[in-house]
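Protein chains in written order, with this note's numbering: chain A, 1 to 383; chain B, 384 to 768.
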């Protein structure tokens with residue numbers, strides 16, 4: 001009872017750590033969740049575009065703006081200033097187009113007027129540029145015919161109105177599960193940080209030499225004390241898992257998690273919480289100082305999160321990094337989350353890749369406990 | 384006495400494993416992790432050909448205009464697609480296994496696309512197919528118009544060929560004023576800003592050693608026959624030296640080992656780092672003076688302030704623009720925001736006005752923290768400690 005009381009007193013003393021990492025999870029998880037979406041209906045990604053139209057009365061300029069409005073999101077929040085430059089750099093605006101005066105009459109006359117354009121780097125910028133170029137190329141092609149401005153507009157609009165028929169193979173709308181996967185992937189960092197910091201701090205408090213000496217001469221059975229510590233560590237990790245699950249229901253949405261996919265995410269995160277507890281148990285055998293615990297926790301949690309795809313999606317990571325990540329349990333946790341969202345059936349064959357990842361995490365747990373016990377025994381002999 | 388104390392303060396500082404870890408080792412480890420995690424992110428943004436398939440059946444081969452145009456997008460170094468020409472069953476198999484983004488097939492004289500899921504890559508494929516189809520229709524339309532206008536016998540294939548060539552050669556007169564920059568560089572700017580602001584821990588540590596109500600060494604300093612200002616200033620200077628040296632090493636590592644662009648003006652980068660370090664030193668001094676608690680608690684507070692600042696400044700894939708729109712004041716008053724923005728403006732802007740604003744803001748912040756710290760330190764008397 002005394003040991004348990006001391007355990008939970010230390011947990012409460014460090015509640016600030018738990019709150020900090022939970023806030024980080026909620027803020028970053030929410031931002032990342034909203035940045036991706038996939039659906040079973042094809043929708044072309046609509047980049048944000050800024051248009052400065054200096055030929056407001058021109059029919060072709062108006063038609064061009066209408067065309068861009070159909071294929072992109074036109075924003076009128078920007079002037080041609082630093083705010084726009086920042087937005088282009090940070091890729092929140094894909095393209096800024098400056099339509100010159102007399103654009104329509106010049107284009108209709110076949111003069112090919114100069115248009116100034118600024119674009120962001122990357123795919124979204126390229127997509128927006130494709131729309132701009134496509135309209136201008138079509139207008140230029142038809143400009144060779146002897147047409148007046150309104151006839152030219154009609155021809156260009158008709159030519160550009162043809163859409164491609166797109167079939168989408170997937171029957172599962174993975175977008176809502178993608179949000180859940182993003183949340184749980186990000187939770188990799190928070191779970192590791194909270195579990196490692198608190199458990200290591202508690203173990204370090206009990207392992208500090210004067211405390212250990214007092215415990216050794218006290219009436220408390222040392223094996224029983226260790227068992228109580230281990231039991232409470234497991235309860236703490238279980239509570240953290242439950243807490244992050246509840247936060248997940250709030251952040252991701254109840255409907256998106258209250259289903260079979262949610263159950264799989266929950267089981268996977270539970271296995272990972274157990275694994276994080278074993279990692280903390282192992283670290284506590286090596287490190288005793290609170291300053292060092294903080295440092296090691298940051299290296300382990302941030303390292304695992306960066307290298308395994310918690311912060312940056314795994315598909316963007318270099319192949320070499322992903323190969324190295326196979327030696328970290330976080331890789332299997334994140335990989336399982338990413339596989340869950342694409343499940344269409346829940347038979348054993350479909351679930352096997354997810355189950356395999358969980359089994360590998362379980363194997364890591366066994367390995368960590370064995371190493372911790374070997375280290376512990378060696379330290380006892382030295383003492 | 385000043386330099387004597389400076390020397391020993393510096394020596395004790397570099398022997399502190401905790402200080403060395405947070406000011407030197409941790410930023411280096413993070414820089415390496417950032418480099419590994421974000422290395423492909425910008426390469427990914429530069430266009431790589433997409434893996435697609437084409438169902439090479441009778442309908443596809445009959446649509447010569449479309450198939451030739453698609454073939455032209457699949458050839459050469461500047462190609463848009465890595466195209467496999469396969470049977471429909473094989474295309475389905477490739478799509479299912481994720482080896483291709485989608486496949487193209489012609490049905491009822493119309494090009495169609497099948498994809499697994501909606502996404503940026505598939506959008507590129509659909510847009511390309513759409514553009515080809517529209518161009519083919521435009522060729523037909525313009526050629527028909529020319530044929531109708533022509534009187535007498537016309538060479539229809541020649542007209543089609545001429546129109547097709549004209550459309551494929553049409554080049555809008557676009558003047559691209561874009562400055563293509565590496566967005567990933569911002570992650571490293573926030574990292575340098577983090578390393579600088581964590582330096583507040585160093586000055587806090589140095590101040591703790593001078594405060595009688597915090598440490599035993601402080602008690603000894605208080606009763607020593609030396610001017611307290613000399614001990615405080617020399618200790619702070621030792622901390623500043625260590626911090627600035629660590630930041631310079633980090634910048635050199637990021638610029639020359641990892642190869643991240645920081646702008647061309649290395650002198651201004653150093654000046655910015657030096658003033659940022661000054662602001663961090665002042666902040667650490669002030670926090671140490673006003674917080675009557677132990678080292679560990681002060682360090683946690685400094686780390687929290689720094690990491691929250693980094694989050695708002697765009698670290699960990701965070702979206703600075705999103706935070707700037709939500710809470711625009713934060714990055715304006717946060718030293719992390721000022722340091723990050725200073726590096727960004729050096730890299731992205733040609734003129735130095737925005738950089739100068741950041742430098743002046745940091746100097747003001749440093750001045751305010753120093754003034755508040757001195758006010759807190761003056762005429763301190765203790766009845767009992």
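Note that beta-carbon positions come from the ideal geometry of N, C-alpha and C, so glycine has one too.
Predicted model only: the values in this text are computed from it and were never measured.
Three-way DSSP call (helix, strand, coil) for residue i in this model
{"i": "residue 568 of chain B", "result": "helix"}
{"i": "residue 468 of chain B", "result": "strand"}
{"i": "residue 427 of chain B", "result": "Reliability of the predicted coordinates at residue 427 of chain B is poor, the pLDDT of 49 falling under 50, and no value is obtained from them."}
{"i": "residue 17 of chain A", "result": "helix"}
{"i": "residue 110 of chain A", "result": "coil"}
{"i": "residue 602 of chain B", "result": "helix"}
{"i": "residue 48 of chain A", "result": "strand"}
{"i": "residue 559 of chain B", "result": "strand"}
{"i": "residue 681 of chain B", "result": "helix"}
{"i": "residue 67 of chain A", "result": "helix"}
{"i": "residue 99 of chain A", "result": "strand"}
{"i": "residue 388 of chain B", "result": "helix"}
{"i": "residue 73 of chain A", "result": "strand"}
{"i": "residue 282 of chain A", "result": "helix"}
{"i": "residue 546 of chain B", "result": "helix"}
{"i": "residue 751 of chain B", "result": "helix"}
{"i": "residue 674 of chain B", "result": "coil"}
{"i": "residue 436 of chain B", "result": "strand"}
Residues near residue i in its chain [Cβ-Cβ closer than 7 Å; skip 5 each side]
{"i": "residue 59 of chain A", "result": "104, 149, 150 and 153"}
{"i": "residue 713 of chain B", "result": "695, 706 and 720"}
{"i": "residue 51 of chain A", "result": "65, 68, 74, 97 and 99"}
{"i": "residue 675 of chain B", "result": "596"}
{"i": "residue 365 of chain A", "result": "274, 275 and 278"}
{"i": "residue 21 of chain A", "result": "190, 193 and 194"}
Expected contact under 8 Å - CB spacing of residue i and residue j to nearest Å
{"i": "residue 230 of chain A", "j": "residue 510 of chain B", "result": "Wrong, their Cβ atoms sit about 58 Å apart, outside the cutoff."}
{"i": "residue 517 of chain B", "j": "residue 160 of chain A", "result": "6 Å"}
{"i": "residue 665 of chain B", "j": "residue 752 of chain B", "result": "3 Å"}
{"i": "residue 438 of chain B", "j": "residue 484 of chain B", "result": "That belief does not hold up - the Cβ atoms of residue 438 of chain B and residue 484 of chain B are roughly 15 Å apart, past 8 Å."}
{"i": "residue 284 of chain A", "j": "residue 199 of chain A", "result": "6 Å"}
{"i": "residue 633 of chain B", "j": "residue 422 of chain B", "result": "Not a contact, Cβ separation roughly 18 Å."}
{"i": "residue 10 of chain A", "j": "residue 205 of chain A", "result": "6 Å"}
{"i": "residue 310 of chain A", "j": "residue 183 of chain A", "result": "Contact doesn't hold; Cβ gap of about 11 Å is too wide."}
{"i": "residue 141 of chain A", "j": "residue 553 of chain B", "result": "5 Å"}
{"i": "residue 452 of chain B", "j": "residue 164 of chain A", "result": "13 Å between Cβ atoms; not a contact."}
{"i": "residue 416 of chain B", "j": "residue 307 of chain A", "result": "7 Å"}
{"i": "residue 115 of chain A", "j": "residue 549 of chain B", "result": "Incorrect: roughly 20 Å between the Cβ atoms, too far for contact."}
{"i": "residue 196 of chain A", "j": "residue 300 of chain A", "result": "6 Å"}
{"i": "residue 396 of chain B", "j": "residue 622 of chain B", "result": "6 Å"}
{"i": "residue 337 of chain A", "j": "residue 181 of chain A", "result": "4 Å"}
Residues of its chain near residue i, where Cβ-Cβ distance is below 8 Å and the 5 sequence neighbours each way are ignored
{"i": "residue 587 of chain B", "result": "667, 668, 670, 671, 678, 681, 682 and 685"}
{"i": "residue 134 of chain A", "result": "160"}
{"i": "residue 177 of chain A", "result": "256, 261, 340 and 341"}
Cβ neighbour criterion (16 or more within 10 Å) applied to residue i
{"i": "residue 709 of chain B", "result": "exposed"}
{"i": "residue 724 of chain B", "result": "buried"}
{"i": "residue 673 of chain B", "result": "exposed"}
{"i": "residue 373 of chain A", "result": "exposed"}
{"i": "residue 71 of chain A", "result": "buried"}
{"i": "residue 764 of chain B", "result": "exposed"}
{"i": "residue 410 of chain B", "result": "buried"}
{"i": "residue 703 of chain B", "result": "buried"}
{"i": "residue 592 of chain B", "result": "buried"}
{"i": "residue 387 of chain B", "result": "exposed"}
Residue i: CB within 8 Å of a non-hydrogen atom of the ligand FAD
{"i": "residue 441 of chain B", "result": "For the structure depicted, the ligand FAD is absent and the ligand set is empty, with no information on it obtainable."}
Own chain residues within Cβ distance below 6 Å of residue i, not counting five before or after
{"i": "residue 498 of chain B", "result": "485 and 505"}
{"i": "residue 360 of chain A", "result": "332"}
{"i": "residue 155 of chain A", "result": "142"}
{"i": "residue 356 of chain A", "result": "none"}
{"i": "residue 446 of chain B", "result": "489"}
Chain D residues whose Cβ lies nearer than 7 Å to that of residue i
{"i": "residue 556 of chain B", "result": "Of the chains in the structure shown, none is chain D; the protein chains are A and B."}
Note to self: Ignoring anything shorter than 4 residues, give me the alpha helix (DSSP H) runs that lie fully in the region 108-151 of chain A, in order along the chain.
What the structure shows: For the region 108-151 of chain A, the continuous alpha helix (DSSP H) assignments of 4+ residues that do not extend past its boundaries occur at 123-143, in sequence order.
Check: What are the complete beta strand (DSSP E) segments, minimum 3 residues, inside the region 691-718 of chain B?
Finding: Restricting attention to beta strand (DSSP E) runs no shorter than 3 residues, the region 691-718 of chain B encloses none.
Notebook entry, point to check: Which runs of the alpha helix (DSSP H) fall wholly inside the region 322-370 of chain A and span at least 4 residues, in chain order?
Noted result: For the alpha helix (DSSP H) assignment, the uninterrupted runs of no fewer than 4 residues enclosed by the region 322-370 of chain A are, from N- to C-terminal side, 329-340.
Check: Going along the chain, which unbroken runs of the alpha helix (DSSP H) with 4 or more residues stay wholly within the region 456-515 of chain B?
Finding: You should have 471-480.
Notebook entry, point to check: Whole alpha helix (DSSP H) runs in the region 175-248 of chain A with 4 or more residues, listed along the chain?
Noted result: 175-207 and 209-217, all fully within the region 175-248 of chain A.
Checklist line | Ordered list of alpha helix (DSSP H) runs contained in the region 587-668 of chain B, each at least 4 residues | finding: As far as the region 587-668 of chain B is concerned, its whole alpha helix (DSSP H) runs of at least 4 residues are 599-606 and 611-635.
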